[in-house]
Structure formats: structure tokens, C-alpha cells
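Undergrad: Residue numbers (the numbering used here): 28 to 673.
C-beta: ideal position from N, C-alpha, C; glycine also.
Just so we're clear, the structure is a prediction, and the values are computed from it rather than from any experiment.
Could you have a look at this structure, given as C-alpha cells, before my questions?
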Amino acid sequence: MIKITFPDGTAREYKNGISSLEIAEQISPRLAKEVYAATVNGEIRDLTRPIDLDATLKLHKWEDEAAKLAFWHSSAHLMAEALESLYPGMKFGIGPAIENGFYYDVDPGDETVITESDLQTVENRMKELAAKNLTFSRREVSKKEALYIFKKKSDEYKTELISELVDGTITLYTQGNFTDLCRGPHLPSTEPLKAIKLLSVAGAYWRGNEKRKMLTRIYGITFPKQKLLDDYLVFLEEAKRRDHRRIGKELELFTFSQKVGMGLPLWLPKGSDIRQNLINFLTSVLRKRGYKIVTTPHIGNVNLYKTSGHFEKYGTDSFQPISTPQEGEQFMLKPMNCPHHCEIYNATPHSYKDMPLRMAEFGTVYRYEQSGELHGLTRVRSFTQDDAHHFCRPDQLREEFKSIIDLILYIFKILNFNDFTAQVSLRDPENKQKYIGSDENWERAERDIIEAAAEKNLETTVVIGEAAFYGPKLDFMVKDAIGRKWQLGTIQVDYNLPERFDLTYNGSDNQKHRPVMIHRTIFGSLERFVAVLIENTAGKFPLWLAPEKAVILPISEKFNDYAGKVLEILNNSDICTLIDERSEKIGKKIRDNELKKIPYLLIIGEKEVENETIAVRKQGEGDKGSMKIEEFVSFINSEIKKEIAF
RNA sequence: GCCGAUGUAGCUCAGUUGGUCAGAGCAGCUGAUUUGUAAUCUGCAGGUCGGGGGUUCGAAUCCCUUCAUCGGCUCCA
28 MIKITFPDGT AREYKNGISS LEIAEQISPR LAKEVYAATV NGEIRDLTRP IDLDATLKLH
88 KWEDEAAKLA FWHSSAHLMA EALESLYPGM KFGIGPAIEN GFYYDVDPGD ETVITESDLQ
148 TVENRMKELA AKNLTFSRRE VSKKEALYIF KKKSDEYKTE LISELVDGTI TLYTQGNFTD
208 LCRGPHLPST EPLKAIKLLS VAGAYWRGNE KRKMLTRIYG ITFPKQKLLD DYLVFLEEAK
268 RRDHRRIGKE LELFTFSQKV GMGLPLWLPK GSDIRQNLIN FLTSVLRKRG YKIVTTPHIG
328 NVNLYKTSGH FEKYGTDSFQ PISTPQEGEQ FMLKPMNCPH HCEIYNATPH SYKDMPLRMA
388 EFGTVYRYEQ SGELHGLTRV RSFTQDDAHH FCRPDQLREE FKSIIDLILY IFKILNFNDF
448 TAQVSLRDPE NKQKYIGSDE NWERAERDII EAAAEKNLET TVVIGEAAFY GPKLDFMVKD
508 AIGRKWQLGT IQVDYNLPER FDLTYNGSDN QKHRPVMIHR TIFGSLERFV AVLIENTAGK
568 FPLWLAPEKA VILPISEKFN DYAGKVLEIL NNSDICTLID ERSEKIGKKI RDNELKKIPY
628 LLIIGEKEVE NETIAVRKQG EGDKGSMKIE EFVSFINSEI KKEIAF
């Protein structure tokens with residue numbers, strides 16, 4: 028007998044070799060139908076795998092990530108089986124479960140192309156196969172046997188994977204006619220795979236290496252119930268409606284022009300207003316926190332970037348240097364502000380007493396991003412960073428770093444950005460040639476970041492190999508409407524540029540000392556931040572950010588004079604307001620302006636003219652009743668103050 | 001940059017196998033209407049069907065090429 032301990036602490040005895048599924052069945056047949064995987068002694072396993080020692084057991088229903096993992100991983104195998112039956116000779120790369128669904132990377136051979144129009148056929152075959160209720164069976168094999176099996180299929184991708192595995196750890200899973208190299212876990216059978224949707228097909232380099240072959244990646248998702256799939260598809264549709272590219276067009280915030288060039292955003296008046304509101308707000312916060320605002324040119328001599336090291340690292344991937352009529356001169360479009368700021372630092376002598384020095388700029392930079400990477404406002408070739416550099420003494424670094432974490436959290440809080448994650452990005456110690464700077468400085472910087480984040484009780488995930496080439500960083504990441512992750516704020520410790528630019532300050536010992544530099548942004552870039560704001564708010568910006576605060580709607584043209592008077596008062600009170608003078612019915616005017624997400628609609632008719640009031644209607648909430656114009660002015664001002672005061 | 005898809009009026013989209021197929025709705029402009037909390041009616045105007053080649057008696061429709069966009073991959077100072 029073995030003792031099984033459940034999550035609630037209770038324990039029961041079962042016969043040796045019993046499976047998790049059998050235990051579930053004994054608890055209740057219904058439970059057995061709802062579980063998809065089990066964690067046995069901390070390891071996620073197939074339900075059908077026998078347990079042969081005392082163990083803790085957690086059974087995973089759909090709500091658990093572990094259940095979804097097994098479910099979607101099994102779905103990937105089912106898709107592979109369907110593909111193999113439809114495309115004999117197809118070779119298989121990897122097919123994991125992902126956050127939402129699964130994919131499989133396949134090589135259909137050079138003659139065959141799989142496109143989205145083929146997905147329905149594959150989907151149908153998957154449904155046929157799933158309905159056969161095929162069991163997933165697990166088998167441990169030797170490396171030799173595994174290689175033999177996949178060599179026979181001449182599947183060079185699987186054999187490559189197997190050749191890197193340690194003998195004795197290799198398992199195969201089989202369902203129906205399909206056998207795959209796989210660590211598991213899987214469902215007991217294909218029976219629960221009822222609602223299936225293949226979503227898209229894309230290219231993906233084998234093993235993520237752009238020098239290797241590009242395979243065909245097919246994305247799909249499955250659910251145990253059709254209703255869940257339907258809900259998911261509705262969710263995807265709604266997410267598309269929140270896409271900042273779509274809303275940006277609808278609300279006339281920004282645009283792109285082929286003539287101007289790809290990835291070069293054109294801010295329309297309303298988008299510019301939002302942008303400017305953000306700049307004004309952040310500038311006032313920065314001034315209170317001791318930042319000095321600087322301004323630097325959009326180009327710099329190529330030697331500037333040779334000094335900084337950026338030219339060597341990114342020179343060939345950048346907009347190429349600009350040649351001048353004067354021979355031998357070369358300038359680059361500014362790809363970052365830091366070298367300029369270093370030279371500003373060097374323009375004046377510095378004392379240890381003046382540190383830390385905080386230098387901020389809304390600096391527009393230009394980067395030649397690969398054409399396929401451009402994406403709305405989130406990945407562009409020209410963007411404005413809310414950039415700042417802190418120059419401090421080594422002993423101030425930790426505190427300075429923490430103060431920036433504070434600042435970022437403060438700004439995010441004001442903007443109601445709660446859904447972000449913090450990521451510590453370190454260098455890959457296996458791949459040191461990607462980075463510049465001494466081991467000692469790297470180790471010191473990485474330690475500083477980790478400890479500063481810990482001291483601020485900031486929950487972080489650590490990612491190896493994501494550091495900038497000159498230093499480790501702490502990034503604040505958010506997801507867009509359809510789940511893509513973007514970096515917003517970032518804090519980066521840099522011991523490197525101060526060396527390269529020979530930055531110094533006079534210490535109390537009257538000797539020259541080297542400051543430490545911290546790069547930081549809060550928004551990341553105004554472009555990306557506005558994009559995320561649009562998706563978070565679906566275009567219903569908070570009042571203080573809204574480009575137009577109110578629109579006056581006269582019920583008929585008879586009231587246009589009064590409307591004009593109201594307009595003048597509001598605009599003179601810095602409440603940006605328009606009049607909708609069209610000879611439309613009030614219902615139409617309300618509808619149109621609601622769709623434009625105008626925060627307040629001010630309806631004016633006979634009653635209002637008589638009483639010298641306005642009827643206030645709030646976006647999304649409807650009629651709020653009448654008030655005097657001055658009342659409305661102070662109401663709006665107090666609402667705005669509330670939004671940006673903490 | 002790579003793989004795949006897409007590209008028709010300002011916007012959202014129809015256009016079967018190449019032959020009145022250049023259309024609709026919204027937006028715009030007209031005129032009528034003078035309206036009380038999410039769509040009043042009339043009329044008009046708008047496009048070398050992304051660009052450039054080609055096949056054909058004939059191309060939005062087929063082929064080639066190029067540009068851009070979308071979904072991914074790679075990249076992201």
C-alpha cells in the first residue's frame with residue numbers, strides 16, 4: 028500500500044501502482060471526468076501513470092495551468108497526427124502548449140505550402156481522430172531506440188533533438204498511428220478534445236535560429252466545451268476592437284503614410300494633444316523630483332557613437348550615416364540620447380556634493396527596425412523617449428535606483444496601470460561576447476538591481492540573456508489587447524558609458540572619481556505608451572488626457588448663439604470644447620459624439636437658454652442633469668485635479 | 001530581413017468560373033427639416049480596383065514583379 032496526501036492535508040492509503048485517474052474515480056466519477064493532469068510529489072504527470080510510492084497528489088481541473096498544459100500539449104499531438112495523415116512524409120519540429128493554446132512547427136517538404144485555407148481540413152481531421160477516443164500511451168525508450176525510430180521516418184528534427192538528450196530520460200507518447208518524442212504530460216485519451224480551432228499559420232525558424240530552416244508553425248486552441256471556445260473567439264474579436272491601430276484611426280489620433288515612410292508615425296491634432304498632456308504632466312512631476320530638463324539635437328557626429336560603442340554594436344543595422352558636403356564628416360540620426368547627455372555632463376565640472384545629477388529629455392530617436400517588426404505605435408522607427416540619465420556616486424546607486432522604482436510605480440498608479448510585470452534582465456554568462464564591460468562591473472550592477480528591487484518589495488521575474496549590451500536592466504512590461512508583451516519603463520545600470528566618455532567628479536579627497544550612470548524611462552516611448560493607454564481605455568481616455576473635454580450640442584440652430592457663448596467661456600477656462608452645429612436631431616448628435624468618446628456632452632435647448640445652464644451628459648453614463656456654466660467649469664477642474672493628484 | 005496571407009471610394013466591405021462589375025453602407029457636400037438624451041429625409045460627388053509589366057479580342061478577376069499592410073519568426077541600444 029502507498030499513502031497519498033491531498034492538498035488539504037488529508038491522507039489515504041491506496042494499492043501500490045494505482046493511477047491518479049483511478050484515485051479520482053474513487054473520490055467521484057464526476058471528478059474523474061473533470062481532471063486532466065496530476066501533480067505527484069511536485070511533478071506534473073499523466074493521470075494514467077502509476078504511482079508506486081508514498082506521494083502528495085494534486086488533481087488538476089481545467090482551471091489549473093497544469094491541466095491546460097496537458098490539454099493543449101495533447102492537442103498539439105492530435106494536430107500532428109492529423110497533419111501526418113493529410114501530408115504523408117511531413118516532418119515535425121517541436122509542438123508545445125503555450126499561454127493560450129498550442130502550436131506545432133512542421134516541415135511539409137519543399138513542394139508543399141500550408142496556408143490558412145488548409146486549416147479547416149486539418150481541423151476536421153483532428154475532430155475525426157479525437158472522436159475515436161484514442162489513448163495516449165507513454166513509453167520510456169533508450170536513446171538508441173529513439174534515434175532508430177525517428178531515423179526510420181527520416182525526421183532530422185526529432186533526431187537532432189534526441190541526439191542532445193541524456194540517455195535514460197527519453198520518453199515517447201503514442202496515440203493512434205502517431206508517435207512523438209515527448210516529455211509529457213498528456214491526457215489519458217483524445218476524448219476531451221471536443222472544441223478545436225486552428226487559428227493561424229506562420230513561419231518560424233527551426234530552434235529560433237534565423238540561420239536555420241524556416242518551418243511552418245500552426246497555432247491552435249482547444250477547449251473541453253464548445254461554449255468555452257465560443258467565448259474565447261468572442262474575446263479575440265473584442266480584443267481586436269481595442270487594438271490601438273484601429274482606435275487610433277477611428278478617433279483620428281495618428282496615422283502612417285507610405286510617402287513619409289514605414290514606421291514613421293504622424294501624430295494628428297488629437298493624438299498630439301494627448302502626447303502633449305503626458306509631456307506636461309510628466310515634466311511637472313520630474314521638476315518636483317529634482318530633474319533638470321535638457322534638449323539635444325536629432326543628429327550626432329558618428330564619432331559620438333563610436334565613443335559610446337553603439338556604432339560598433341548597431342552601426343550596420345541603423346539608418347546609415349549622413350554624409351555632408353564637407354568631406355570626411357559623417358552624422359547619424361540619433362538612435363539614443365545617452366551619448367549626448369554624457370557630453371552635457373562633461374560640459375561642466377562636477378563635485379561629489381552635486382550628485383546625483385538627474386538629466387531628463389523628451390528625446391526623439393531613430394532606429395532602423397526591421398521592416399517585419401514594425402507594429403502600429405508599439406514598434407516604430409522614430410519615437411520619443413521620456414528619457415533620463417542619473418549620474419551618481421557609487422554609494423548612491425542603490426538609493427537612486429530605488430527612487431526610480433518609486434517614480435515609475437507612482438506614475439503607473441496615477442494612470443491606473445495595474446497590470447504590469449517587472450522583469451530583471453541579466454546577461455547570458457554563456458555568451459559574454461555579446462556584451463561590453465568588465466565582469467566585475469556586470470556582477471556589481473546585477474547585484475545592485477536585484478537588491479534594489481527586493482528592497483522595494485517589487486515582485487520580479489529574472490530573465491537571463493535579456494540585458495542590454497552595456498548593462499543589466501529592470502523592465503516594466505505590459506500586455507497589449509491580444510496578449511503581446513511590450514516593455515514600457517526600464518531602469519538600466521551602466522558602468523560603461525562613464526568610462527568611455529571619461530565622466531568624472533571631484534570627490535571629498537579632491538581626486539577625480541568615476542560616476543555611475545543609470546538610464547531610465549517611465550513610458551518607454553510616448554508612442555508605445557499612448558498605444559498601451561488606448562488599448563487599456565479602449566479610447567475612453569481619462570478627462571485630463573482627453574484631447575477634447577466636451578462638445579456642445581444645441582438642440583436646434585436657434586440656440587447656436589447661446590452655444591457660442593458657452594463655448595467661449597469654456598475655452599477661456601482651458602476646457603477644450605467644440606460645438607456640433609449640424610442640423611441633426613439631438614439623438615444623432617449624441618450618438619456621434621459618444622462614439623468619438625467625448626467625455627462630456629453639453630446639451631442646450633430652450634430650458635438652458637432661459638435658465639443660463641447647460642444639460643450635462645457624461646460619456647457612457649448618460650444624463651447628469653443641468654448646471655450653471657461656472658459650476659461645470661469648477662466641476663471639470665476638480666475632476667482633473669483628482670485624476671492627477673496623489 | 002525570413003515564412004504565409006492580404007491590398008477595391010476617407011472608413012467598413014460586396015464583386016461567382018476573365019465578358020454592362022466598378023457597387024453598397026457610413027463619412028463628405030446639397031437641399032428640406034428646427035428637432036430634448038445613441039442613427040430624419042432628398043439629391044450629388046468619390047476609385048486608372050496598391051504601383052509597374054505581361055497573357056487575352058477583353059483583366060479588379062490569370063501570370064510576373066515591386067511597394068505597403070496583417071499574422072508569426074528573428075531582432076529590439
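Compare the beta carbon distance of LEU295 and PHE283 with 9 Å and say whether it is the shorter of the two.
TA: No.
Undergrad: Helix, strand or coil for TRP571 per DSSP?
TA: The answer is coil: DSSP assigns TRP571 none of H, G, I, E or B.
Undergrad: Contact check, SER164 vs LEU174 under 8 Å by CB: the rounded distance?
TA: At roughly 20 Å, the Cβ-Cβ gap does not stay under 8 Å, so SER164 and LEU174 are not in contact.
Undergrad: Under DSSP, the alpha helix (DSSP H) around SER47 begins and ends at which residues?
TA: Residues 47-54.
Undergrad: Scan the stretch 611-671 and note each continuous beta strand (DSSP E) run of 3 residues or more that stays entirely inside, going in chain order.
TA: Runs of the beta strand (DSSP E) inside the stretch 611-671: 627-631, 640-645, 649-655.
Undergrad: Let's see if you can read the secondary structure: which residues bound the beta strand (DSSP E) around ILE245?
TA: Residues 241-250.
Undergrad: From this set, ALA577, LEU263, PRO581, ILE613, which residue's C-alpha is nearest LEU605's C-alpha?
TA: Taking only the C-alpha atoms, the option nearest LEU605 is ALA577.
Undergrad: I need the straight-line Cα distance from ASP571 to ILE432, nearest angstrom please.
TA: Before going on, a small fix: residue 571 reads as Trp here, not Asp. Rounded to the nearest angstrom, the two C-alpha atoms are 24 Å apart.
Undergrad: If you pair each beta-carbon of the stretch 651-667 with each one of the stretch 302-309, do three or more pairs fall below 8 Å?
TA: In short, these stretches do not touch, since the Cβ pair count stays below three.
Undergrad: Less than 6 Å between C-beta atoms, sequence neighbours within five positions excluded: which residues of the same chain meet that for MET117?
TA: Answer for MET117: LEU110, GLU111, VAL133, PRO135, listed in chain order.
Undergrad: Given this structure, state the Cα-to-Cα distance separating GLU562 from PRO569, to the nearest angstrom.
TA: Those two C-alpha atoms are separated by around 13 Å.
Undergrad: Leaving out the 5 sequence neighbours to the left and right, which residues in its chain are closer than 7 Å to TYR532 when beta-carbon positions are compared?
TA: Closer than 7 Å at the Cβ level, and outside the excluded window around TYR532, lie HIS377, SER378, TYR379, MET382, HIS540, PRO542.
Undergrad: Please state whether DSSP places ARG268 in a helix, a strand or coil.
TA: In this structure, ARG268 counts as helix in the three-state DSSP scheme.
Undergrad: Suppose the cutoff is 8 Å on Cβ atoms and the five residues either side in sequence are ignored; what does the same chain contact list for ALA449 look like?
TA: Taken in chain order, the residues that qualify are ALA480, LEU485, GLU486, THR487, THR488, LEU501, ASP502, PHE503, MET504.
Undergrad: Is LYS651 near the ligand MG - that is, is its Cβ less than 8 Å away from at least one heavy atom of it?
TA: For the structure depicted, the ligand MG is absent and the ligand set is empty, with no information on it obtainable.
Undergrad: Quick one: Cα of ILE245 to Cα of ALA38, how far?
TA: Computed Cα separation, rounded: 43 Å.
Undergrad: Give me the Cα-Cα distance between HIS5 and TYR462, rounded to the nearest whole angstrom.
TA: The requested residue 5 is not part of the displayed model; the chain covers only 28 to 673.
Undergrad: Are the Cβ atoms of HIS367 and GLY390 separated by less than 9 Å?
TA: Contact flag set, yes.
Undergrad: Cα-Cα, which of ALA107, ILE613, LEU553, ASN127 is closest to GLU584?
TA: Out of ALA107, ILE613, LEU553, ASN127, ILE613 has the C-alpha closest to the C-alpha of GLU584.
Undergrad: Grab the span of the beta strand (DSSP E) containing SER311 for me, first residue to last.
TA: Segment 296-315 is the alpha helix (DSSP H) holding SER311; no beta strand (DSSP E) there.
Undergrad: Should THR142 go down as buried or exposed, given a rule of 16 or more other Cβ atoms within 10 Å for buried?
TA: So THR142 ends up on the exposed side.
Undergrad: Name the residue from VAL490, GLN423, VAL520, ARG511 whose alpha carbon lies nearest to the alpha carbon of GLY464.
TA: Ranking the options by Cα distance to GLY464, first place goes to VAL520.
Undergrad: On the three-state DSSP scale, how would you describe LYS698?
TA: The requested residue 698 is not part of the displayed model; the chain covers only 28 to 673.
Undergrad: Under 9 Å between the Cβ atoms of ASP73 and ASN43?
TA: Not closer than 9 Å, so no.
Undergrad: Exposed or buried, GLN412, counting other C-beta atoms within 10 Å across all chains shown (16 or more means buried)?
TA: By the neighbour-count rule (16 or more Cβ atoms within 10 Å), GLN412 is buried.
Undergrad: Going along the chain, which residues of its own chain have a beta-carbon closer than 8 Å to the beta-carbon of LYS333, five neighbours each way excluded?
TA: Correct list, in chain order: GLU339.
Undergrad: Which of helix, strand or coil does DSSP assign to TRP233?
TA: Looking at TRP233 - three-state DSSP - the assignment turns out to be helix.
Undergrad: Please confirm whether GLY69 and GLY275 have their CB atoms less than 9 Å apart.
TA: For GLY69 and GLY275, no; Cβs fall outside 9 Å.
Undergrad: Please report the straight-line C-alpha distance between LYS267 and GLU356, rounded to a whole angstrom.
TA: Going from the Cα of LYS267 to the Cα of GLU356 covers about 48 Å.
Undergrad: Is GLY516 closer than 9 Å to PHE439 when the C-beta atoms are compared?
TA: It is a contact, given that the beta carbons lie within the stated cut-off.
Undergrad: Starting from the C-beta of ASP344, find all residues in its chain whose C-beta is less than 7 Å away, skip the five residues before and the five after it, and write them out in chain order.
TA: If we look at ASP344 and ignore the five residues flanking it on each side, its Cβ neighbours are TYR395.
Undergrad: Using the Cα positions of ARG474 and LYS429, report the straight-line distance between them to the nearest angstrom.
TA: Rounded to the nearest angstrom, the two C-alpha atoms are 13 Å apart.
Undergrad: Please state if the CB of TYR318 and the CB of ARG385 are separated by a distance shorter than 9 Å.
TA: Yes, they are a contact pair.
Undergrad: Quick check on the burial criterion: 16 or more other C-beta atoms within 10 angstroms. Buried or exposed for GLY120?
TA: Per the 10 Å Cβ criterion, buried.
Undergrad: Expressed to the nearest angstrom, what Euclidean distance is found between the alpha-carbon atoms of THR405 and ASP414?
TA: For THR405 and ASP414, the distance between alpha carbons rounds to 17 Å.
Undergrad: Report buried or exposed for LEU235, applying the criterion of at least 16 other Cβ atoms within 10 angstroms of its Cβ.
TA: Rather than Leu, the amino acid found at residue 235 in this sequence is Gly. Exposed, because fewer than 16 other Cβ atoms sit within 10 Å of the Cβ of GLY235.
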